[in-house]
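Protein chains: 2
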Amino acid sequence: MSVTIYDVAREANVSMATVSRVVNGNPNVKPTTRKKVLDTIERLGYRPNAVARGLASKKTTTVGAIIPDISSIFFSELTRGIEDIATMYKYNIILSNSDQNKEKELRLIDTMLEKQVDGIVFMGGKITEDHIKQFKTANVPVVLAATQDETKTLPSINIDYRQAAYEATNYLLNSIEEQPAFIKGNDYVQSNGLKFEGYMQALRDASIDVDESLIIEEETTYNGGISAVNKLLEQEKKPKGIFVATDEMAVGVIHSLQDGGLRVPEDVEVFGFNNTRVSLMVRPTLTTIVQPMYDIGAVAMRLLTKFMNKEEVDEQTVILPHRILTRDSTK
Amino acid sequence: MSVTIYDVAREANVSMATVSRVVNGNPNVKPTTRKKVLDTIERLGYRPNAVARGLASKKTTTVGAIIPDISSIFFSELTRGIEDIATMYKYNIILSNSDQNKEKELRLIDTMLEKQVDGIVFMGGKITEDHIKQFKTANVPVVLAATQDETKTLPSINIDYRQAAYEATNYLLNSIEEQPAFIKGNDYVQSNGLKFEGYMQALRDASIDVDESLIIEEETTYNGGISAVNKLLEQEKKPKGIFVATDEMAVGVIHSLQDGGLRVPEDVEVFGFNNTRVSLMVRPTLTTIVQPMYDIGAVAMRLLTKFMNKEEVDEQTVILPHRILTRDSTK
DNA sequence: ATGAAAGCGCTAACAA
DNA sequence: TTGTTAGCGCTTTCAT
Chain A
1 MSVTIYDVAR
11 EANVSMATVS
21 RVVNGNPNVK
31 PTTRKKVLDT
41 IERLGYRPNA
51 VARGLASKKT
61 TTVGAIIPDI
71 SSIFFSELTR
81 GIEDIATMYK
91 YNIILSNSDQ
101 NKEKELRLID
111 TMLEKQVDGI
121 VFMGGKITED
131 HIKQFKTANV
141 PVVLAATQDE
151 TKTLPSINID
161 YRQAAYEATN
171 YLLNSIEEQP
181 AFIKGNDYVQ
191 SNGLKFEGYM
201 QALRDASIDV
211 DESLIIEEET
221 TYNGGISAVN
231 KLLEQEKKPK
241 GIFVATDEMA
251 VGVIHSLQDG
261 GLRVPEDVEV
271 FGFNNTRVSL
281 MVRPTLTTIV
291 QPMYDIGAVA
301 MRLLTKFMNK
311 EEVDEQTVIL
321 PHRILTRDST
331 K
Chain B
1 MSVTIYDVAR
11 EANVSMATVS
21 RVVNGNPNVK
31 PTTRKKVLDT
41 IERLGYRPNA
51 VARGLASKKT
61 TTVGAIIPDI
71 SSIFFSELTR
81 GIEDIATMYK
91 YNIILSNSDQ
101 NKEKELRLID
111 TMLEKQVDGI
121 VFMGGKITED
131 HIKQFKTANV
141 PVVLAATQDE
151 TKTLPSINID
161 YRQAAYEATN
171 YLLNSIEEQP
181 AFIKGNDYVQ
191 SNGLKFEGYM
201 QALRDASIDV
211 DESLIIEEET
221 TYNGGISAVN
231 KLLEQEKKPK
241 GIFVATDEMA
251 VGVIHSLQDG
261 GLRVPEDVEV
271 FGFNNTRVSL
281 MVRPTLTTIV
291 QPMYDIGAVA
301 MRLLTKFMNK
311 EEVDEQTVIL
321 PHRILTRDST
331 K
């Protein structure tokens, strides 16, 4: 069997309580006693059992992170932000992929609550009544990262997707002076809808008669971008600019245009979203909306630590700034 | 306070033991009793406390995953493989980034052992004596994923990096009939060394007098690829083929060559490594070595479950197959 | 098929 | 400054 606090106490001729105090850095221990205890801890190779501690103290110093897909470049950067701040505050992360599947999301929340996490960072699709209900079954704080909650009942960190899309659309509008195409992702995430709203609003504000054939929905991948352009090029009306819901799709769009003999940005301008690393890894480099993924994760985790510490929080709903980053895919 | 097994027992007029049996699917329960218990569990909204269970049973059904950097596309795919198999076997993952830093790695192992994980999947740089010693301090199984252990004492899942690099180099050699350049990553990982060995072996077998100036070490990033080419093009001797340690670097290499007015593959052929998603997201598309990241993670986790179940394992050191995937960056 | 009871290893009053 | 002790919520013998 492994060494317990009791073994240490016995060997050091003190009580368990004293060992516990030493281990937890409680100042009420005489230096000589502390030294004695520390020495026997070292000698016996004692390692505190966090599970026992968790049971007794009702704190596990671990938080759950529910994420659609860790292999997506977008979410993996977000997760890195979460993890770095978690480490800074001595928390560990239990990470699980939900694939944006509601049943799975609910099940994961349940599992994490069983494991007595001290808090949850949730990333995903739409937040439903069922999610809220599930979160409410335990009394742990929850923070949404890059995830919308229409009811605004949960704290969240986001950028203003609607406004960002509005600005991107306007940017293209100014340049090409006609309706740019819009390529939507097919994810079940609310930001998709918000981006679309921003796009439509910009057209409306410019008094443009909307041509629906310029709005295409495709899988949110590189290949989805390729297919979208193929559809677009089959049509009569060819766009002179394309606003694409994500960078990865946008890279597909650029390549597909180029494969079709069109030049970017001379013939068609392309505008992405997110500023993930791939936006630099394409020629021409991609004009895009900078969404600070790492920061969203970091701020979300920081906010969660505040809730877990029962600190005062002034603003639950954080909107981080975004900006347009112009590169070579637009004129 | 929340509902405990005791509350359920009292409400259902049975003992804690019976409730425990029902919760754990023990067949020795009369169906009517089971139903009664299940109903009151439902009614009270009872959720088992996994921490208490972990303390009593000495099993946490969670495993630790130590990873250099989750935001790297390579490791995030690997992690996805680990997570999927973990979920399949009802395990959760505690994920932590080590940044390939030895002190941090050792500390993370310690933390995870404190949290009583049932096993550890380790990804990282070199395995040292200190790592082994640290692992030995607890009696939990460890599996290395995409990570070498010179001493071969730990189970591991890898591909044959040396052989793969040998084949890639040979491929270029056959085409350009002179020494291709080699761009190394600067990571502190052993596979870097193995790739280099494979490259050198191929040159040796082809009786080529090695020109050291064609061997460049750079940061393992897109920008590292760009810098490497810049250095290469400053030199007298310009290569007609370049073997690059990772795809992301290779994409940088291609763009940098193109920016310098060279055509790929006509003037310079480029060969990558890993077959990450970016290898398709570049024009020309990248010839590369297929390393099955997802599978490495999945197999590693599967192997770990076997160890955790004390099943018989015939082969500790798994070498997964790799292959050359030719695309348009080579002739 | 069911129950009683002894832990699992620790924390946190409370007492001294 | 230190020790005693009662849990934390569950699993797991051992009886019955």
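Taken in order, these protein sequences are the chains called A and B.
Here the working numbering is used: the first residue of the first sequence is 1, the next is one more, and so on.
Here the working numbering is used: the first residue of the second sequence is 1, the next is one more, and so on.
For every residue, glycine included, the Cβ atom is placed at its ideal position computed from N, Cα and C.
Residues of chain A whose Cβ lies closer than 9 Å to the Cβ of B/P48 are, in chain order, E114. For the stretch 91-107 of chain A, the beta-carbon criterion of a distance under 8 Å to any beta-carbon of chain B is satisfied by N92, I93, I94, L95, S96, N97. Shown here, B/I254 sits in a helix according to DSSP, grouped into three states. Contact between the stretch 26-43 of chain B and the stretch 7-17 of chain B is present: three or more C-beta pairs spanning the two stretches fall below 8 Å. Residue pairing by DSSP places A/E217 opposite A/K184 in a beta bridge. In the three-state reduction of the DSSP assignment, B/S191 falls in the helix class.
Along the stretch 218-238 of chain A, the positions whose C-beta sits under 8 Å from a C-beta of chain B are Y222, read in chain order.
With 16 or more other Cβ atoms inside 10 Å of its own Cβ, A/G297 counts as buried.
Residues G241, E269, T330, K331 of the same chain have their beta carbon placed closer than 8 Å to that of A/S175, with the five preceding and five following residues left out of the count. Counting along the chain, A/E312 sits inside no beta strand (DSSP E), nor does DSSP assign it H or E at all. In the DSSP assignment, B/V270 is bridged to B/I242. The DSSP-derived three-state label of A/S57 is helix. Within 7 Å of the CB of A/H255, the CB atoms of chain B belong to R283, in sequence order along the chain. Only residues of its own chain outside the window of five on either side were considered, and among them R327, D328 have a CB closer than 6 Å to the CB of A/T285, listed in chain order. Rounded to the nearest angstrom, the gap between the Cα atoms of A/K104 and A/L203 is 38 Å.
In the structure shown, B/A65 falls within a strand segment according to DSSP collapsed to helix, strand and coil. Taking a C-beta cut-off of 8 Å against chain B, the contacting residues of the stretch 26-60 of chain A are G45, R47, P48, N49, A50, V51, A52, G54, L55, T60, listed in chain order. Contacts between B/V278 and chain A, judged by CB atoms closer than 8 Å, involve V278, M281 in chain order. With a cutoff of 8 Å on beta-carbon distance, A/K237 and A/L214 are scored as near each other.
Between B/G272 and B/A300, the gap from beta carbon to beta carbon reaches 8 Å or more. Between A/E83 and chain B, the shortest Cβ-Cβ separation is below 8 Å. Among the CB atoms of chain A, one or more fall inside 8 Å of the CB of B/R80. In the three-state reduction of the DSSP assignment, B/R327 falls in the coil class, being assigned neither a helical nor a strand state.
Under DSSP, A/I157 shares a beta bridge with A/A145, A/V318.
Under DSSP, A/N92 takes part in a beta bridge, and its partners are A/T62.
The beta-carbon distance between A/I82 and A/I93, rounded to whole angstroms, is 7 Å. This is short enough to meet the 8 Å contact definition.
B/T288 is bridged by DSSP to B/L325. Under the Cβ criterion (8 Å, minimum of three pairs), the stretch 113-125 of chain A does not count as touching the stretch 111-123 of chain B.
Residue pairing of B/F122 in beta bridges, as defined by DSSP: B/I66, B/L144. Against chain A, the beta carbon of B/S71 has neighbours under 7 Å at S76, E77, R80, listed in chain order.
In chain order, I94, K115 make up the part of chain A whose C-beta sits under 8 Å from the C-beta of B/T62. Beta-bridge pairing by DSSP links B/N97 to B/I67. Cβ-Cβ separation between B/P141 and B/L280: approximately 36 Å, too far for a contact (criterion under 8 Å). Annotation: A/D130 to A/I183 spans about 30 Å, alpha carbon to alpha carbon.
B/K104: member of the alpha helix (DSSP H) spanning 102-114, first to last residue.
Under the Cβ criterion of 8 Å, B/Q201 is not counted among the residues facing chain A.
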